[in-house]
Structure formats: C-alpha cells, structure tokens
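Chains as they are written, first to last, in the working numbering: chain A, -17 to 225; chain B, -17 to 225. For each residue, glycine too, the CB sits at the ideal point set by N, CA and C.
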DNA sequence: ATGCGGTTGAGGTCCGACCACATGCTCGGT
DNA sequence: ACCGAGCATGTGGTCGGACCTCAACCGCAT
C-alpha cells in the first residue's frame, strides 16, 4: 500500500554535480572562502564534462554561493562566498512579474517583515546606521527630487533599517521583497497627482519613523511602518492599474 | 562632479542572455505557460552560442521560472512556469549551511512569518486544509513514531497552515525557512532524552493550535505558535551543540 | 633597481558532434 | 478499413576540443 506514487526523476548530470557540491557544503566540508579546483581538473574527477560542471557552477553562482574570477592570483578561480541578497532579489522579482504572488501578498509580507525589522532596530540598531538613515531621509527631503531618486533612497532606507535590526535573514527577505515591487512603486509614484506633496508626506513619515527608532519606541515604530506601507500600497492599487 | 564612480561591469555573455529573457518576463511578454524557441534556434537569434544560452536557461531553471523537457509533444521544449518553492528552499538551505544566517536569525524569522500565517489561517483557511492538518496531527500522535517521520509530518503541518493562510509569498517563505533548518531539527530530535514524551508534548501543542485556528482565534494561535517555535529552538541550542 | 613583455593558468566562449527520449507518421499485415 | 510495428524527426542533454581574455608571475633588458 504505497502512500504516494512519486515520479522517479532521472537526474541530469549537472544536477548530480550540483547535488554533490551541495552535500559538501551542507556537510561543512566546503566553507565560505574555500576555493574549488579548476574546472578542467574538477570535471574529470567528477567524471563529467566541463559543460556539465560549468552548468552546476553557474547554478551555485546564481544562488549566491559561488563566485568565479579568471586570472591567476589568490582571488582567481571559483570561490565559495555568501551573497544571498542578489539571488533572492532576482528570484522574487521574476516570480512577482510572473504573477506567482499578488500585490496583496507582497503587501502583507512587507508589513510582517518590516514591523519586525523596525521593532528590532529600535532595540539594537547601531548609531552609525541611524546616522546614515538620517542622511537618506535628508536626501529625500531635497526639493525637486526626481521620482527615480526618491524611490532609490526609499528602498535604501527600508533596507538599511532591516539590516541594522541585526537579523541577516529578515534583512535579506525585506530587501528582496522591497526590490520585487520596486518597478511597480516607481510607476505608481510617477502617476501621483501632486508629486512634491506626496514626497513630503512620505518623508515626514520616514522622519517620524527614524525618531521612534532612535528613542527605542519599538511597538510605535512597528505600528507606524505598517501604516506607512499600507498607505503606500493603497495608492498603488488605485494607481494606473485599471485594465 | 560625478556623484559616484561605479565599476563598469563587463558582462559575461550568458548574463546578457539572462538579462534579455528577464526583461521579457518583467515586461510581460513572456508569461507562465509560454514556450521558448528551441535552443538551436534561439541561440543564433540572440547571437550567442548554445552553451551560453544553455547556462542562462539553467539559471532560470534553478530560479523556478523555467522547465525543459526533451521530446516532441506539446509539453516538450522550454516552458515558462511558476515554481518558486524549490528554488527558495535550496537557496536558504545552502546559505544556512554556509553560516550566512545564525540559528537565532532563523528562529526570529520563523516566529514572525508563522505568527502571520496562523493569524491569517484562523481568518480564512479552507476546511479541507484543516482536515488535512488534522490527519497530520493524528499521524504525529502515532505511538512509536520515528523521529524522521515526525519531523516530516511536522514540516508538512507548518507548511500546510502557511499555505492555507491564502498568502502565497509568506507561505513560500515559511516553507523555505522551515526547510532550511530541517536537518538541524532532525538532529536535535534524535538527541532528545525522552523522545516519546517530547513527541507527545509537541503534538499536544499542534492539536491546540489547530483548534484555535478552527475557531478563528487568530491572536491566540499566533501567540501559541510563537511559544511553540521558541520552545523548540530552545531545545535546539541546548542540544548536541557543544563543540 | 626598474620597467616591460612573454609565459602561464584561470575562467569564458564557441563549435560540432553524438546521445537519449518522446512524439508522430508511414507502411505493412490483418 | 483498421491496427500495430518501426522508422523519421525534433527536442533537450552531453561531450570534447579549440580559442579568447584576463591577471599574476617571471625574466630579460635597460
């Protein structure tokens, strides 16, 4: 009485290679900073062609686990690294574009993640991060600021707070989720009726948020950022979205 | 007075291909279900070799945006799909193994995400999902259950609730985060002093959680799941972790 | 000692060939 | 007319070799 019939997946070679390297990483035999043997050596050792190996390496590269550099120095070759942010960002961006996730889903995720970020940041954010955030807010207060620059600084503001919360994982997730809706937000801002007023209003919230974080008022900051995000997304769905 | 000097990034060919396809996806020209031209046609059109194209396709495949099947039917060839879960799972698993994220980070992320999941599930989870969850809980109550099976069912329980919350994004994230610590949890459970008692205690919490969700008590369910997860991770850090 | 060019080894790219597989069609037998 | 065996075709998957670019290194000439 088998519970379920699962399709027996024949493995393509590069998947085998991938699994092999993956296992080494999970077993702790490969750690950040380690170097892999040159492709031309590793391929015959694994018993596959260089193409197959290269495809596996490429996958690891897009996951943010590997970087490769030509040349000869100590930095050359394939090295294990830890750079999840880009990979996660691209992943969510594409899937959001494909409609795997609705705008509502992203909104809720942002609220949940950023509430947590701001609450944690209020507890233990380094002052230098807050000073940097201050500069970003100041930058956004610039009169005559373009939509694009504002969007840029806004993203960096939210991501910075997430990073300063001390939690690398939620920081990465926050960043990726924020990135995934960036083009949408950009379009919405461009369609705003009174752009300077909108910018001023949004930035007033940023300033208040920063103040709350500085004085350690975690819950208040969390509530405000939820309101901030929800308000923002509210203008999104009412934006240039009537098919 | 240039604002910043940015390193001019020479792009590797497959990155260009990737960007090109990515743009089509984001622009909405490529949608889920669409098929790409055969590799042998597409490569010369893009002006690159098949190898370079294949590397780009491989990347898209690991992101969960593409699947490829040989053969000739209507299902053959490269098709755009939406399957973010595996990709995200592998990504977090590897990065957790590499130490990009501490156990504490994962704990906090789980708490935040699953609180949200359970709260939302209490509001609008389909009854069939809850019935399925009921079965999982019953399965975990089985006397003499092995650690491995329990871990399996536990994972499915949490992921199921996340999915039934109606938010695809937080569901994916929850699932991926839970998966990333699965081997760790497995080891911790195996090291438990009184395994049957531990299993009973954990499952009593599951049952209560399910009841709370059924009766729509969102906040209570959220609080309990936070306690549930924190307690669990508490045994983790005190577990077989003394080097 | 210094500066410059060749050498070397790394990844990046390309090409051409073959393999495995599933579909779809043709052809022959019934 | 029907039906099954078997070949043709088109797809991704794999392989091996060749060449390119790049960066460090070595050694010669200044």
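Inter-residue Cα distance where the pair is residue i and residue j
i                     : j                     : result
residue 213 (chain A) : residue 48 (chain B)  : 35 angstroms
residue 24 (chain B)  : residue 120 (chain B) : 52 angstroms
residue 30 (chain A)  : residue 153 (chain A) : 38 angstroms
residue 228 (chain A) : residue 178 (chain B) : In the structure as shown, chain A starts at -17 and stops at 225, and residue 228 (chain A) therefore has no counterpart that could be examined.
residue 141 (chain A) : residue 160 (chain A) : 8 angstroms
residue 10 (chain A)  : residue 174 (chain A) : 51 angstroms
residue 181 (chain B) : residue 127 (chain B) : 9 angstroms
residue 72 (chain B)  : residue 1 (chain A)   : 11 angstroms
residue -16 (chain A) : residue 131 (chain B) : Since pLDDT at residue -16 (chain A) reaches only 44, below the 50 mark, its modelled position is unreliable, and no value is offered.
residue 12 (chain A)  : residue 4 (chain A)   : 9 angstroms
residue 111 (chain B) : residue 146 (chain B) : 6 angstroms
residue 83 (chain A)  : residue 149 (chain B) : 8 angstroms
residue 54 (chain B)  : residue 22 (chain B)  : 14 angstroms
residue 77 (chain B)  : residue 26 (chain A)  : 27 angstroms
residue 209 (chain A) : residue 138 (chain A) : 19 angstroms
residue 162 (chain B) : residue 41 (chain B)  : 21 angstroms
residue 56 (chain B)  : residue 50 (chain B)  : 12 angstroms
residue 183 (chain B) : residue 122 (chain B) : 11 angstroms
residue 192 (chain A) : residue 32 (chain B)  : 51 angstroms
residue 202 (chain B) : residue 164 (chain A) : 35 angstroms
residue 39 (chain A)  : residue 85 (chain B)  : 27 angstroms
residue 176 (chain B) : residue 102 (chain A) : 35 angstroms
Check whether residue i and residue j have beta carbons under 7 angstroms apart
i                     : j                     : result
residue 135 (chain B) : residue 118 (chain B) : yes
residue 96 (chain B)  : residue 207 (chain B) : yes
residue 46 (chain A)  : residue 68 (chain A)  : yes
residue 187 (chain A) : residue 129 (chain A) : no
residue 64 (chain B)  : residue 80 (chain A)  : yes
residue 133 (chain B) : residue 168 (chain B) : yes
residue 144 (chain A) : residue 70 (chain A)  : no
residue 107 (chain B) : residue 200 (chain B) : no
residue 75 (chain B)  : residue 211 (chain B) : no
Cross-strand partners of residue i (DSSP beta bridge)
i                     : result
residue 211 (chain A) : Looking at the DSSP assignment, residue 211 (chain A) forms no beta bridge with any residue, so it has no partner.
residue 59 (chain A)  : A:51
residue 17 (chain B)  : B:61
Candidates the options: closest to residue i by CA position
i                     : options                       : result
residue 170 (chain A) : A:161, A:188 and A:216        : A:216
residue -2 (chain B)  : B:99, B:37 and B:155          : B:37
residue 19 (chain B)  : B:5, B:35 and B:10            : B:35
residue 94 (chain B)  : B:156, B:-7 and B:69          : B:156
residue 98 (chain A)  : A:211, A:210, A:204 and A:209 : A:204
residue 243 (chain B) : B:189, B:62, B:-7 and B:22    : Here chain B has residues from -17 to 225 only, and residue 243 (chain B) is not among them.
residue 197 (chain A) : A:78, A:57, A:158 and A:100   : A:100
residue 28 (chain A)  : A:123, A:191 and A:-5         : A:-5
residue 125 (chain B) : B:163, B:164, B:113 and B:185 : B:185
residue 113 (chain A) : A:60, A:202, A:14 and A:189   : A:189
residue 60 (chain B)  : B:14, B:85, B:92 and B:75     : B:14
Neighbour-count burial assignment, residue i, 16 or more Cβ in a 10 Å radius
i                     : result
residue 52 (chain A)  : exposed
residue 87 (chain A)  : buried
residue 44 (chain A)  : buried
residue 66 (chain A)  : buried
residue -7 (chain B)  : exposed
residue 115 (chain B) : buried
residue 58 (chain A)  : exposed
residue 224 (chain B) : With a pLDDT of 41 at residue 224 (chain B), under the threshold of 50, the predicted position of this residue should be treated as unreliable, though the coordinate-derived value follows. So residue 224 (chain B) ends up on the exposed side.
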